[in-house]
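Enquirer: Okay, here's the structure, questions in a sec.
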Amino acid sequence: METRNQATMKKLVTLAISLIFTSLLLTPLAHSEGIFSSNKFDFLKGEPKLMPVDEAFVFDFKQEDERLTVSWVIADGYYMYRDKLKFEADGAKLGEISIPQGKDHTDDYFGKQEVYYSYVEIPIAIREAIEGGTVNVTFMGCAEGKLCFPPTKKTALLSKVEANDGLLTGELPTGEKLVDTQVIADSTSSQAPITQQDSLSQMLSGDSLLWTLVIFFGLGIGLALTPCVFPMYPILSGIIVGQGKKLSTAKAFSLSMVYVQGMAITYSLLGLVVASAGMKYQAALQHPAVLIVLAILFFVLSLSMFGLYELKLPNKWQEKMNKFSNNQKGGNVIGVFMMGVISGLVASPCTTAPLSGALMYVAQTGDLLQGFLALYVLSMGMGLPLLIIGTSGGKLLPRAGHWMDVIKTVFGFLLIAVSIVMIGRIWPGLVSDIFWSIWGVTLVGYLMHQNKLTEFNWKQTTRAVLLTLMLLASFSYGFQAVMTHLGHQGPGASIVSEQHISHQRIKSLDDLNAEVAKAAAQGKPVMLDLYADWCVACKEFEAITFKDPQVQARLANIVFLQADVTKNDAIDIELLEHYDVLGLPTLLMFDASGQSRDDLRVTGFMKPAAFSKHLDILLSQ
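Residue numbers (the UniProt record's numbering): 1 to 621.
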C-alpha cells in the first residue's frame, strides 16, 4: 500500500505534465467507496458472531525430515491474504518455499490481491535446523464485508535437520517458489528481507508502479524540452553520421537507441544507489528537521530553474569530459554509448535540479527496483525526442526559442510545489492550503503574462480564457480554505457553523484510562477508534463516515480518541488484548461514567446514517 507522500507527489507531477502540454489543471478524482461499503452484512440481531482469529483461521504444521508444511483451515465467510504471509526462522535456515496461487480479490485501497478461501497449505524446505528451532509464520485475514484481523504470528517447532540443498521435492502446489533466504518478510525484520520476486510481483500487480512509470516518462519528456538538453540534439545528429558515411534509417535508429541507453542506464544506476540509501534512511526522512531541510533544498533548486544561478560541473571536469568525448568516433557502438553517458553530464547541467527532485522522491520510496525503473523510464522520456531526431539524421531538429525557457520556469514552480508538500506535513492544514493557493495564482499569473507576449489570434484568446478560469479556481481554493477554517461555507450560501472534529492520539492502555477518567469527570462519553494503515474499512470510516455533518455534530459532544496499532508492538497488543479486540476496524465506547460499553462496540464499517443513530444511543446513556 502506498504511503500518502507518494500519492501527493504523483498528483503534482501529473499536474505539471498537464500544464506543460495543455495548460490545464487536472481536478482531483472523487473518492470511491471500497468493498466494505456494501450492505452485504448489516449488524442486525441474530447475525452469527464474529469468530476469534484462531477459530476463523485454524493453523497447523507438520514436519517430515527436511520438509515443513504449514496449513490453515479457513472458516466460511473469511479469507486470508497471500502477500501478507511472512516467514522468519530462529535456529534454522529456510530453503525453498512454495507459495500457492490464490483467487483474485479487489478493493479500492489494496487494489488487486490474491486471497485464500477454505484451506491452504505451504511446503517449506528446511536447509538446516537445530533441535527446538522455530519458524514464525505471520498471516493476515479478513471477514467478508466486516473487518480485518491484525497480523497474527504462529510458531512451528522444528526437529533437528542436517545441512542439505534446501530444495523441495515431490508434488507442489502451483504458484511462486522462493529459494534460499528469499523469504517473504516484514520490512522491519533484519533476518528476512523481502524477496526481489515478491517485490516485483506485488508492484506489477497494482496500479502504483504503472502510474509511477507513466508519470516519470512524462516528466522525462518535459526535461527533454529544457534549453540545456537542446545541445544534445546536434551532438547526436553528428555522432550517428560518424565520419561522413551515409547511414540507413535502421542504422541511425540503432545508434540513436545506443546513445539514449548510455544516458538512461547511467541515470538508472544513480537511481539504484539513491533508492538503496533510501531504504536504510527512510524513517529518518520523515523527521521534521529532515523535511524542513528537504523543503529548503527543493526551493533552492527551484531558483536555478528561474535563472538565478546555474548548476553545472566544475570547468576542469567539463573540459576533460569534452576532450574525451571529442576523441570518440561516431558510428562505433561503444563510442556512441559513451557519448550518451558523457553528453548527459556535459550538455544538460540544468536538468540537475529536477533530476535531483526525482532522485529524492525515489529515495523516499525506498524500493530498489522501483528506483531503477523510475529513473530508467525518466531517461527514456528524455531520450524520446533524441531518438526521433537521431533517426531523422537531424532533419526534424526543433528550433530553439523562448518557449523552452517557459518550460524551464514551469519546472521551477514544480520544485516549489514539492517544497510545499514536504513542509506541509508539519504545517497546519490552513497554512498549506493558503500556500497552495498562492502557488497556483503565481503560476497561472506567469503563464498569463507569457500568453500576452504571443501573437494575438484565436489560440491566444482560448489560452487566456482557460488561464482566467484557472486563476479564479486558485483564488477560490484559498478563499474556501479560509472560510472552512473560520466555520463558514463561502459566499452565496447560508452561513452555517461547520464543526471541525479532530481526534486525540493515544498509545497505551494507561493513556486510554487517563483520558476516560478525565472525560468521566466532565460527564462526557468517549469513543476510541482503533486504526491501522492496512485496515481498508478504517480508511472508509475516515473518508466517509467521520466527515458526515450529522456524525460530526454528535462527535462534538464525545471525546474522540484514536490509537494507531499499525506497528502491532507490545503496547498495541496489550491494548487490543485487554479489550478482546478481534480485528479492525473496532470502535470502543465508554459512557459518561467511564464504563466500557461492549454492547455499543462497533466492529466493521458503518455508514453515516446508521453510525449517527449508534452515537445517539451512547449520548443518551
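Just so you know, even glycine gets a beta-carbon here, dropped at the ideal spot from N, CA and C.
Which residues mark the beginning and the end of the beta strand (DSSP E) in which Ala532 is found?
Expert: That residue, Ala532, is in no beta strand (DSSP E); it is neither H nor E in DSSP.
Enquirer: To the nearest angstrom, report how far apart Met257 and Leu387 are at their CA atoms.
Expert: 6 Å
Enquirer: Let me check understanding here. Comparing Cα to Cα, which of Asp599, Leu618 and Gln595 lies closest to Ala556?
Expert: Leu618
Enquirer: With C-beta atoms as the reference, is Leu588 less than 8 Å away from Ser596?
Expert: yes
Enquirer: So does the stretch 503 to 511 actually touch the stretch 561 to 579, counting three or more Cβ pairs closer than 8 Å?
Expert: Contact holds: three or more Cβ-Cβ distances are below 8 Å.
Enquirer: Alpha carbon to alpha carbon, how far is Gly593 from Ala570?
Expert: It is Ser, not Gly, that sits at residue 593 in the sequence shown. Distance between the alpha carbons of Ser593 and Ala570 is about 29 Å.
Enquirer: Let's see if you can read the secondary structure: which residues bound the alpha helix (DSSP H) around Phe611?
Expert: Pro608 to Ser620
Enquirer: Evaluate contact between the stretch 514 to 527 and the stretch 460 to 470, counting only Cβ atoms and requiring at least three cross-stretch pairs below 8 Å.
Expert: Look at the beta carbons and you see the stretch 514 to 527 not touching the stretch 460 to 470: under three pairs across the two are nearer than 8 Å.
Enquirer: Could you give the distance in angstroms between the alpha-carbon of Ile544 and the alpha-carbon of Met305?
Expert: Roughly 41 Å separates the two Cα atoms.
Enquirer: What first and last residue would you give for the alpha helix (DSSP H) that runs through Val135?
Expert: First-last for Val135: Tyr119 to Phe139, but that is the beta strand (DSSP E), not the alpha helix (DSSP H).
Enquirer: Using CA atoms only, rank isn't needed, just tell me which of Thr462, Trp211 and Ile124 is closest to Leu68.
Expert: For the residues Thr462, Trp211 and Ile124, the minimum Cα distance to Leu68 belongs to Ile124.
Enquirer: If Pro585 sits next to Phe611, beta carbons under 8 Å apart, how far is it from one beta carbon to the other, in whole angstroms?
Expert: That pair is no contact at about 11 Å.
Enquirer: Under the three-state reduction of DSSP, which class applies to Leu25: helix, strand or coil?
Expert: Residue placement at Leu25 is poorly supported in this model, since its pLDDT is 31, which falls under 50; the coordinates still yield a value, given next. Looking at Leu25 - three-state DSSP - the assignment turns out to be coil, as it is neither helix nor strand.
Enquirer: Quick one: is Pro28 buried, meaning 16 or more other Cβ sit within 10 Å of its Cβ, or exposed?
Expert: Model confidence at Pro28 stands at a pLDDT of 32, short of 50, so the residue's coordinates are unreliable; what they give is reported in the following sentence. The residue in question, Pro28, is exposed, as its Cβ has fewer than 16 Cβ neighbours within 10 Å.
Enquirer: Determine the contact status of Leu167 and Thr134, defining contact as a CB-CB distance below 8 Å.
Expert: no
Enquirer: Work out the CA separation of Ala295 and Trp427 for me, nearest whole Å.
Expert: 12 Å
Enquirer: Run through the stretch 438 to 493 for me and flag every whole beta strand (DSSP E) of 3 or more residues, listed as ranges in chain order.
Expert: none
Enquirer: Take Ala284 and list the residues in its own chain whose beta-carbon comes closer than 8 Å to its own, dropping the five residues that flank it on each side.
Expert: Only weak support is given to the placement of Ala284: the predicted model assigns it a pLDDT of 46, under 50, and the value that follows is read from those uncertain coordinates. Val290, listed in sequence order.
Enquirer: Do three or more CB pairs link the stretch 375 to 382 to the stretch 215 to 222 at distances below 8 Å?
Expert: yes
Enquirer: For Ser437, collect the residues of the same chain with a Cβ closer than 6 Å to its Cβ; drop the 5 residues on either side in sequence, then sort them by chain order.
Expert: Beyond the five residues adjoining it in sequence on each side, Ser437 comes within less than 6 Å, by CB distance, of Ser474, Tyr477 and Gly478 in the same chain, given in chain order.
Enquirer: Are Asn568 and Pro52 close, meaning C-beta to C-beta below 8 Å?
Expert: Judged by beta-carbon spacing, Pro52 lies beyond the 8 Å limit of Asn568, meaning their Cβ atoms are not closer than that value.
Enquirer: Output the boundary residues of the beta strand (DSSP E) element that contains Val70.
Expert: In the DSSP assignment, Val70 falls within the beta strand (DSSP E) that extends over Arg67 to Ile74.
Enquirer: For the alpha helix (DSSP H) holding residue 644, just list the boundary residues, first then last.
Expert: Because the chain here runs from 1 to 621, residue 644 falls outside it and cannot be looked at.
Enquirer: Let's test the definition: count the other Cβ atoms within 10 Å of the Cβ of Ala563 and tell me whether it reaches 16, buried, or not, exposed.
Expert: A residue is called buried when at least 16 other Cβ atoms come within 10 angstroms of its Cβ; Ala563 meets this threshold and is buried.
Enquirer: In the DSSP assignment, what are the bridge partners of residue 635?
Expert: Past the boundaries of the shown model lies residue 635; the chain is included only from 1 to 621, so the question cannot be answered.
Enquirer: Return helix, strand or coil for Val115, following the three-state DSSP convention.
Expert: strand
Enquirer: Quick one: Cα of Ser71 to Cα of Ile416, how far?
Expert: 52 Å
Enquirer: Considering only residues of the same chain and omitting the five flanking positions on each side of Phe435, which have a CB-CB separation below 7 Å?
Expert: If we look at Phe435 and ignore the five residues flanking it on each side, its Cβ neighbours are Ile420.
Enquirer: Pull up the DSSP beta-bridge partners for Cys148, would you.
Expert: Cys142 and Leu584
Enquirer: Taking the alpha-carbon of Glu144 as reference, which of Val565, Ala537 and Tyr446 has the nearest alpha-carbon?
Expert: Ala537
Enquirer: By the 10 Å Cβ neighbour count, where 16 or more other Cβ atoms means buried, how is Thr461 classified, buried or exposed?
Expert: exposed
Enquirer: Where does Phe605 sit, in a helix, a strand or coil, going by DSSP?
Expert: coil
Enquirer: Could you give the first and the last residue of the continuous alpha helix (DSSP H) run that contains Leu512?
Expert: Leu509 to Ala521
Enquirer: Given Thr566, which residues of its chain have a CB within under 6 Å of its CB, disregarding the five upstream and five downstream residues?
Expert: Ala532 and Asp533
Enquirer: According to DSSP, is Leu269 helix, strand or coil?
Expert: In the structure shown, Leu269 sits in a helix (DSSP, three-state: H, G or I).
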